[in-house]
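There are 2 protein chains.
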Amino acid sequence: MEGYRLDPWASAIRLEYEKLFRYFGIKPFQPLLPEVEKAFGKPHRLMRRGIIFGHRDYEKILEAYRSGERIALVTGFMPSGKFHFGHKMVADQIIYYQKLGFEIFVVIADAEAYAVRRLDRRKIIEIGLYEYVANLIALGLEKNKHTHIYFQTNYETPYYRLIQMFSRRVTLEEMSAIYGDLEPSKIMAALTQAADILHPQLDYFGGFKYVVVPVGADQDPHIRLTRDIAARFENELGLRRPASTYHRFQTGLDGNKMSSSRPEYTIFLTDPVDIAVRKLKRALTGGRATVEEQRRLGGEPEKCTVYEFYLYHLIEDDTQLRKIYEDCRGSRLLCGPDKEYAAELLAKFLEEHQRRLERARDRVLEYVEPPKF
Amino acid sequence: MEGYRLDPWASAIRLEYEKLFRYFGIKPFQPLLPEVEKAFGKPHRLMRRGIIFGHRDYEKILEAYRSGERIALVTGFMPSGKFHFGHKMVADQIIYYQKLGFEIFVVIADAEAYAVRRLDRRKIIEIGLYEYVANLIALGLEKNKHTHIYFQTNYETPYYRLIQMFSRRVTLEEMSAIYGDLEPSKIMAALTQAADILHPQLDYFGGFKYVVVPVGADQDPHIRLTRDIAARFENELGLRRPASTYHRFQTGLDGNKMSSSRPEYTIFLTDPVDIAVRKLKRALTGGRATVEEQRRLGGEPEKCTVYEFYLYHLIEDDTQLRKIYEDCRGSRLLCGPDKEYAAELLAKFLEEHQRRLERARDRVLEYVEPPKF
Chain E
1 MEGYRLDPWA SAIRLEYEKL FRYFGIKPFQ PLLPEVEKAF GKPHRLMRRG IIFGHRDYEK
61 ILEAYRSGER IALVTGFMPS GKFHFGHKMV ADQIIYYQKL GFEIFVVIAD AEAYAVRRLD
121 RRKIIEIGLY EYVANLIALG LEKNKHTHIY FQTNYETPYY RLIQMFSRRV TLEEMSAIYG
181 DLEPSKIMAA LTQAADILHP QLDYFGGFKY VVVPVGADQD PHIRLTRDIA ARFENELGLR
241 RPASTYHRFQ TGLDGNKMSS SRPEYTIFLT DPVDIAVRKL KRALTGGRAT VEEQRRLGGE
301 PEKCTVYEFY LYHLIEDDTQ LRKIYEDCRG SRLLCGPDKE YAAELLAKFL EEHQRRLERA
361 RDRVLEYVEP PKF
Chain V
1001 MEGYRLDPWA SAIRLEYEKL FRYFGIKPFQ PLLPEVEKAF GKPHRLMRRG IIFGHRDYEK
1061 ILEAYRSGER IALVTGFMPS GKFHFGHKMV ADQIIYYQKL GFEIFVVIAD AEAYAVRRLD
1121 RRKIIEIGLY EYVANLIALG LEKNKHTHIY FQTNYETPYY RLIQMFSRRV TLEEMSAIYG
1181 DLEPSKIMAA LTQAADILHP QLDYFGGFKY VVVPVGADQD PHIRLTRDIA ARFENELGLR
1241 RPASTYHRFQ TGLDGNKMSS SRPEYTIFLT DPVDIAVRKL KRALTGGRAT VEEQRRLGGE
1301 PEKCTVYEFY LYHLIEDDTQ LRKIYEDCRG SRLLCGPDKE YAAELLAKFL EEHQRRLERA
1361 RDRVLEYVEP PKF
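If you read the sequences in order, they're chains E and V.
Using my numbering, the first residue of the first sequence is number 1, and each one after it goes up by one.
Using my numbering, the first residue of the second sequence is number 1001, and each one after it goes up by one.
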């Protein structure tokens, strides 16, 4: 327990993930770190800090990488709101893998946004382009022949063929067990998502490659279904099970869910700097009820949403982060000055990002072709 | 009753269709015949003889034709067995409308054959090409820029976009009311079929045109769903309800269902002539139990599957057909000689058709691009 409390990468919610390890067969990511380092060089901060906490079959990805085999990173965004720091965490992973030479498939889930979330189609396309794709570019996603961004409703025929074919080997019952109340839109969306993950293996898309999908733990039921579908089509289509990694979610600034629908507790990458700083300054920290108490007991960075910003985004250097952690726990750093420092880092990041974003907006159509209707 | 009994185009099963008129809003086709004649010239024998017995909104098709507006005929085949005379009846309608200048969309329902009927994919594609498309060509379907034959799994992106979008405005409950027990494959197939019927109206496929779909009465629930879907997307996509016509089904040679799965009672267009003739000679007729009885009461052409062959396929001339009808009823034509005559016509048709079919098989790839997997 002491060990846990002293871990600067720990989170109060960490223990919840234990049941994923125990009951669902997700394996802890941490034991792989030495292998990751051997294969990729220094692991990404999200890996080092246990934010990416679990995986399925990631050993196969490492092995494939060491053998020089092709690997695809597949992930997607629901174009239903503004791009926030939770999305950035996924974008950071995409860019990490792109730099390692992975083939990148980024799906803009516009079919699902339209049919399941029932959003306006034109709005969806606009958000997909000018929030999601633009921010990915501004964060550093390169345009190259191994990088594919697509809208679910504007892709290639063999991808749609997969969706059609998958419907043969999935039952309503198993879908219902995963998704609860079903409607045709949800069924379509689930089959489409399976095609999103599995299509890179088809000859049409360059032939077999290993696939890894970074997701939140809540997405694991879908990963399991997709892995089952892959196995059911292994003989007929040569599909293999995708690997996956599981990340924690950064919380909102009040300690609850970070979400576009809670803009006062969520910092968007397009927030004007003064607005973003104001949100951060009001954020829930791990400070004690009184300054006296905090001097006596120390702060609790594990409960601090500002510390989370360091952990996920603002501080790359582990030594520096550890010092902040220890200074907080040791009462040498109080919330006021700490927030000043975090605000400074955040402002600097946003200023630079928003400069890049302006240019990126002009380039989205070089990366992706939006649907015409 | 007497009037009905003396109608040479009548069928014993005709009266069953009355409930479609009464309860489901299908309108009788016969009252339209004068308008059909004015618009198209002589109505097709299937129309004249009441085989096409009902319709929805066909007045709009006639009106559009008179105004020189564009009209699409949409129909499809399930590539799940050999092409028989029941399929020919649909093919005859396609070709009739093609000659009138309609735009033709013929879908090979390979996605449904694979996912719902669970057939082998390679077999499906082969049957689609070498049974369905080849026979259509041999029957006279021309290749022109207004004629589109496609496989459901190998078509254009906006068609798949429609399938995705349709899923938003259809409930599991209404589908279940139509299709009974649902599985993801059936849901996909139903949405796909709606896209088959409605996609010709999209700009991508040449922009708005009226659509007419010839179907059997058993397909009407699907037509109703598709019409509802069109109405639900009228504002967003400009879709209009398709019109439809309803045809009777030619029965098998034993008076029950004609089906590929009952080959002894079904004549295929690829049957060797001697086999086909042998099947016909064993066919159920409207003959009486004894020759004496038949001389006294006359035959019953309404119950005769050989007479059905005349009605649907073998005799174009109404006067000649009426004479056979009356000679049969008046005991001047007995089943033996009649079967000889029918066999002669059938053999002549098949010989010529199979000669054309041989050449047609080499041309299927000019008409349609099969999916690669």
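C-beta: ideal position from N, C-alpha, C; glycine also.
Bear in mind the structure is a predicted one, so any value in this text is a computation, not a measurement.
At a cut-off of 8 Å between beta carbons, residue 161 of chain E contacts chain V. Scanning chain V for C-beta atoms nearer than 7 Å to the C-beta of residue 183 of chain E yields 1171 and 1172, reported in chain order. Residues of the stretch 178-206 of chain E with a C-beta less than 9 Å from any C-beta of chain V: 181, 182, 183, 184, 185, 186, 187, 188, 189, 190, 191, 192, 202, 203 and 204, listed in chain order.
Distance check between residue 338 of chain E and each of E:56, E:27, E:300 and E:247 places E:300 closest, using alpha-carbon atoms only.
Considered as a whole, the stretch 11-97 of chain E harbours 52-56 and 71-77 as its complete beta strand (DSSP E) runs of no fewer than 3 residues, in chain order.
The continuous alpha helix (DSSP H) containing residue 184 of chain E extends over residues 184-198.
In summary, no residue of the stretch 1053-1080 of chain V has a CB separated from any CB of chain E by less than 7 Å. Judged by pairs of C-beta atoms under 8 Å, the stretch 1316-1329 of chain V does not touch the stretch 1351-1363 of chain V, as fewer than three such pairs exist.
Annotated three-state conformation of residue 1371 of chain V is coil, per DSSP.
Closest in C-alpha terms to residue 186 of chain E, from the list V:1205, V:1166 and V:1310, comes V:1166. Beta-bridge partners assigned by DSSP to residue 210 of chain E: E:71.
For a Cβ distance threshold of 7 Å, residue set 1161 and 1164 of chain V lies close to residue 153 of chain E, ordered along the chain. When only Cα atoms are considered, residue 64 of chain E and residue 1126 of chain V end up about 38 Å apart. Note on geometry: alpha-carbon atoms of residue 297 of chain E and residue 335 of chain E lie some 14 Å from one another.
Per DSSP, reduced to three states, the secondary structure at residue 1267 of chain V is coil, with no helix or strand assignment. In this structure, residue 1312 of chain V lies away from residue 1078 of chain V, with their beta-carbon atoms at least 8 Å apart. With 16 or more other Cβ atoms from the protein chains shown falling within 10 Å of its own Cβ, residue 1110 of chain V counts as buried. Using a CB distance below 7 Å, the part of the stretch 1103-1129 of chain V facing chain E consists of 1111, 1114, 1115 and 1118, ordered along the chain. Less than 8 Å divides the Cβ of residue 196 of chain E from the Cβ of residue 76 of chain E. By the neighbour-count criterion, in which 16 or more other beta carbons inside 10 Å mark a residue as buried, residue 1154 of chain V falls on the buried side. Nearest in C-alpha terms to residue 1230 of chain V, of all of V:1080, V:1241, V:1236 and V:1175, is V:1241. Taking the C-beta atoms as reference points, residue 1319 of chain V is found no nearer than 8 Å to residue 1255 of chain V. Within a 10 Å sphere around the beta-carbon of residue 144 of chain E sit fewer than 16 other beta-carbons, which makes this residue exposed.
The beta-carbon of residue 1221 of chain V is placed no less than 8 Å from the nearest beta-carbon of chain E. Sequence-distant partners of residue 349 of chain E (beyond 5 residues in either direction) whose C-beta falls short of 8 Å from its own C-beta, in its chain, are 313 and 314. With fewer than 16 neighbouring CB atoms inside 10 Å of its own CB, residue 34 of chain E falls in the exposed class. Listed by position along chain V, the residues whose Cβ is nearer than 7 Å to that of residue 168 of chain E are 1114, 1115, 1118 and 1185. The residue among V:1018, V:1028, V:1228 and V:1237 with its C-alpha nearest the C-alpha of residue 1245 of chain V is V:1028. The alpha-carbon of residue 59 of chain E is positioned some 18 Å away from that of residue 96 of chain E. With contacts defined as CB atoms closer than 8 Å, residue 253 of chain E and residue 282 of chain E qualify as a contacting pair. By the neighbour-count criterion, in which a residue is buried when 16 or more other Cβ atoms sit within 10 angstroms of its Cβ, residue 1332 of chain V is exposed. In the structure shown, the three-state DSSP call for residue 326 of chain E is helix. Taking C-beta atoms under 8 Å as the contact rule, residue 211 of chain E and residue 221 of chain E fail to qualify, at a distance of about 18 Å.
Residues of chain E whose Cβ lies closer than 7 Å to the Cβ of residue 1371 of chain V are, in chain order, 161. Taking C-beta separations shorter than 7 Å and ignoring five residues to either side along the sequence, the partners of residue 1208 of chain V in its chain run 1201 and 1238, following chain order.
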